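> Okay, handing you the structure first.
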Amino acid sequence: MDMRDIPRIRSALQQIDSAKLEELVAAVWSQMGWSTRVSQQGRDQGIDIVATKSDLIEQKAIIQAKRYSDSNKVGRPDIQQYSSLKTEYPDVDSIIVVTSSSFTSEAKQLAEQLGVKIVNGSELAEACVQNISEENLSKYIEYTGSGKDIVESSGQVNSDRIKINQLTSSEEDLADFYSGYLRRLSEAVQHGNHERTFFIKIDREHNETSEYTVRGTTHQIQFPAESPKLLGQLQKTAKKYGWTVVNSETYGSGAGGVEMVVPPEEANMFFISLDTTLPESPIPRRQARIIKLMLERIYDQDLSGSEITDLVHRAHNDPAIESHTRVIR
10 MDMRDIPRIR SALQQIDSAK LEELVAAVWS QMGWSTRVSQ QGRDQGIDIV ATKSDLIEQK
70 AIIQAKRYSD SNKVGRPDIQ QYSSLKTEYP DVDSIIVVTS SSFTSEAKQL AEQLGVKIVN
130 GSELAEACVQ NISEENLSKY IEYTGSGKDI VESSGQVNSD RIKINQLTSS EEDLADFYSG
190 YLRRLSEAVQ HGNHERTFFI KIDREHNETS EYTVRGTTHQ IQFPAESPKL LGQLQKTAKK
250 YGWTVVNSET YGSGAGGVEM VVPPEEANMF FISLDTTLPE SPIPRRQARI IKLMLERIYD
310 QDLSGSEITD LVHRAHNDPA IESHTRVIR
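Residue 30 in the numbering used here sits at position 21 of the sequence shown, with consecutive numbering throughout.
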């Protein structure tokens, strides 16, 4: 297994029952050097897993495993509930909430405030790749081997192959919307009277200045300099899928507060463009999968529920030229 298998494993995690997920989470933590005990259902006051570790000091963690689908995120009330376990069990050093889906922005903010550690579905899938053998993983989930049917890479820049024969319903919805965007973009280029951009709305915990747009097959990411995690995730994702960085700029305030290109150490904003072009023309289904990967791996955001706009620029107030918005189902 390798990192290309993460999307498939994450999807499989959402298909198993809660008991199997608890067993898998315990197995992952065991491989990371912890002694784990999965609680019997109905006992231990709702605690799923107890993990202990003895290095120079004793460590004890309570792990709660939530088996949710993409459309069902772990919310603030769950974090509030599990944080109270610290009071009930004073010998516990940390509370960890693991889910097969993701967390709402409110849940993530509260977890940070209360010191609750959180692990989303993509991070859990990555931990499986790093710590569980393919044979052992198949004991917990329906896993049929290498994820090359999702991504095949020849190792050459810009020659990755993302298979599109098994899209989720959200990806299908996005592919349909992207098809309309391509048609309208072609018309805009032919007439030369306006421009269009595929604008993906980002959850606001990533700051008001974070933006993700697509122009044809070029994906453009803008984010504040105080978000180094986003840069790291972007670099890992681009390297993993063999995409080319075609533009990288750093912006800051110049004289009079004017925004201008500055050295990285003086920047308050990063701007990076990735080229995902293949020799053939852009395929809506392929771009839908790429956008889903970018949202999950960089922004920890689900495609389902994301608002995307086919945004019009420089239309010279022509009322016949409209932007189009869709919330992906």
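Backbone N, C-alpha and C define an ideal beta-carbon position, used for all residues, glycine too.
Quantities reported herein were computed from a predicted structural model and do not represent experimental measurements.
Using three-state DSSP, classify H200 as helix, strand or coil.
Here the question's residue 200 lines up with position 191 in the sequence shown. Correct three-state label for H200: helix.
> If I follow the unbroken alpha helix (DSSP H) through Y91, where does it start and stop?
Within the sequence shown, the letter at position 82 stands for residue 91. Residues R85 to S92.
> Can you tell me the Cα-Cα spacing of T318 and L191, whole angstroms?
Stepping through the sequence shown from its first residue, residue 318 is reached at position 309. Stepping through the sequence shown from its first residue, residue 191 is reached at position 182. One C-alpha to the other measures close to 13 Å.
> Which of the three DSSP states is assigned to N277 in this structure?
In the sequence shown, residue 277 corresponds to position 268, counting from 1. In this structure, N277 counts as coil in the three-state DSSP scheme.
> Tell me the rounded alpha-carbon separation between I72 and A184.
Counted from its first residue, the sequence shown places residue 72 at position 63. Counted from its first residue, the sequence shown places residue 184 at position 175. C-alpha separation (whole angstroms): 37 Å.
> Compute the beta-carbon to beta-carbon distance between T45 and K75, rounded to the nearest angstrom, for a pair I have assumed lies under 8 Å.
Translated into positions along the sequence shown, residue 45 becomes position 36. Translated into positions along the sequence shown, residue 75 becomes position 66. Contact flag wrong, Cβ pair sits at about 17 Å.
> For R338, count neighbouring Cβ atoms within 10 angstroms of its own Cβ and tell me buried if that reaches 16, exposed if not.
In the sequence shown, the residue the question calls residue 338 occupies position 329. Exposed.
> According to the Cβ coordinates, are V138 and D309 closer than 8 Å?
Locating residue 138 in the sequence shown gives position 129, counting from the first residue. Locating residue 309 in the sequence shown gives position 300, counting from the first residue. Not in contact: V138 and D309 (Cβ atoms no closer than 8 Å).
> Taking the C-alpha atoms as reference points, what is the distance between P86 and A120?
Stepping through the sequence shown from its first residue, residue 86 is reached at position 77. Stepping through the sequence shown from its first residue, residue 120 is reached at position 111. Rounded to the nearest angstrom, the two C-alpha atoms are 11 Å apart.
> On the DSSP letters alone, give me the boundaries of the alpha helix (DSSP H) that I299 sits inside.
Residue numbering aside, residue 299 sits at position 290 when the sequence shown is read from its first letter. Residues P293 to Y308.
> D182 by DSSP, collapsed to three states: which one?
What you label residue 182 is simply residue 173 of the sequence shown in a count that begins at 1. Correct three-state label for D182: helix.
> For the segment 235-255 against the segment 297-316, are there 3 or more C-beta pairs whose distance is under 8 Å?
Counting Cβ pairs under 8 Å, three or more are found: they touch.
> Closer than 8 Å, CB to CB, is L30 near chain C or not?
In summary, chain C is missing from the structure at hand, where a single protein chain is found.
> Return the CA-CA distance between W38 and A60, expressed in angstroms with no decimal places.
Indexing the sequence shown from 1 puts residue 38 at position 29. Indexing the sequence shown from 1 puts residue 60 at position 51. Each residue's alpha carbon lies about 8 Å from the other.
> Assuming the contact rule is C-beta atoms closer than 8 Å, V254 and T227 should be a hit. Round their C-beta distance to whole Å, please.
Walking along the sequence shown from the start, residue 254 turns up at place 245. Walking along the sequence shown from the start, residue 227 turns up at place 218. So it is not a contact: roughly 11 Å between Cβ atoms.
> Helix, strand or coil for S188, going by three-state DSSP, please let me know.
As a working note, residue 188 is residue 179 in the sequence shown. DSSP places S188 in helix when its eight states are reduced to three.
> For M269, which residues does DSSP report across the bridge?
Counting from 1 along the sequence shown, the entry for residue 269 is found at position 260. Answer is G261.
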